[in-house]
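Colleague: Before we start, here is the structure in question, set down as structure tokens.
Numbering (our numbering), first residue to last: 19 to 83.
Shown next as structure tokens:
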């Protein structure tokens, strides 16, 4: 019984760490998309300051996820 309990705890810990990694990976993907959009915006608008504020909003939305 004790061995089974420890195996369950280990499995839960492993699942939790995997979930943390996937959340981190999702956040990184989101941020990369934000930076790509900012680069496109700056090229299209010849470096408009609105691109920086759009980047900030995009990154903030990544944090909320």
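Glycine is no exception: its CB is placed at the ideal position from the N, C-alpha and C atoms.
What would DSSP say about residue 82, mapped onto helix, strand or coil?
Modeller: It is helical.
Colleague: Quick check on residue 71: does DSSP put it in helix, strand or coil?
Modeller: Residue 71 falls in the helix class under three-state DSSP.
Colleague: Determine whether the beta carbon atoms of residue 69 and residue 60 lie at a separation below 8 Å.
Modeller: Closer than 8 Å, so yes.
Colleague: Does DSSP put residue 42 in a helix, a strand or coil?
Modeller: Correct three-state label for residue 42: helix.
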